[in-house]
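One structure is given here, and the rest of the page talks about it.
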Amino acid sequence: MSNELIGIYEQLVMVSQRALENHAYEVAYHALVAAMHCADDLQDEQRLAFIEQEAERQKNFIDETSSNHRLSSQAVQQRGGVNLYDSLMAQAHIHHRQAKLKQHQQRLDR
Numbered sequence: 039m040s041n042e043l044i045g046i047y048e049q050l051v052m053v054s055q056r057a058l059e060n061h062a063y064e065v066a067y068h069a070l071v072a073a074m075h076c077a078d079d080l081q082d083e084q085r086l087a088f089i090e091q092e093a094e095r096q097k098n099f100i101d102e103t104s105s106n107h108r109l110s111s112q113a114v115q116q117r118g119g120v121n122l123y124d125s126l127m128a129q130a131h132i133h134h135r136q137a138k139l140k141q142h143q144q145r146l147d148r
C-alpha cells in the first residue's frame, strides 16, 4: 500500500503545482490537501514538511500574481476570513509534529 500511496502523493503534488501554474488555484489547493493526507497516512515526516513549505510557496505565488483572487491573503483579509493556505500550513505542521513524535516514541519503545 505504501508504494502506491507514495505514487498517489507524487501525482497529487504534481497536479497541484501544474494547477497553480495555470492559475487554477482551488484545484492546486485541494490537490495539495489530498497530498497532505497521503503523507499523513504514510506518517512521512519529510513529505509533510514539504507540504508545509509548498503551501507557503503557493500562497505567496497567489499573493504576488493574483492579489485580487479570492484565495489571496488580501482578499481573505478584506472578507475578514482565514486564508486556506494558512490553515493548510498549520495542519501540515501538526501532522508533521505528530509523525515526528510517533517515530520518537517507537525508538524509545525498542
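For my numbering, count along the sequence shown from 1 and bump the result up by 38. Beta carbons: idealized from backbone N, C-alpha and C, even for Gly. Given the structure is predicted, the values throughout are model-derived calculations rather than measurements.
| Check | Outcome |
| --- | --- |
| Residue span of the alpha helix (DSSP H) that contains serine 40, given as start and end | 40-59 |
| For leucine 80, the first and last residue of its enclosing alpha helix (DSSP H) | 63-80 |
| Cβ-Cβ distance between alanine 137 and leucine 86 below 8 Å | yes |
| Separation of glutamine 115 from histidine 75, as counted between CA atoms | 27 Å |
| Range of the contiguous alpha helix (DSSP H) that encloses arginine 85 | 83-103 |
| Cut-off 8 Å between Cβ atoms - residues of its own chain near leucine 70, not counting five sequence neighbours on either side | Leu50, Val51, Ser54, Ile89, Glu92, Ala93, Gln96 and Leu126 |
| Top-ranked residue by Cα proximity to alanine 77, from His107, Val120 and Leu43 | Leu43 |
| Close Cβ partners of alanine 130 (< 7 Å) along its chain, the five nearest in sequence each way excluded | Met74, Leu86, Ile89, Glu90 and Ala93 |
| C-alpha distance - asparagine 60 paired with glycine 45, whole-angstrom precision | 23 Å |
| Selected residue, minimal CA-CA separation from alanine 66, among Thr103, Tyr123 and Ser105 | Tyr123 |
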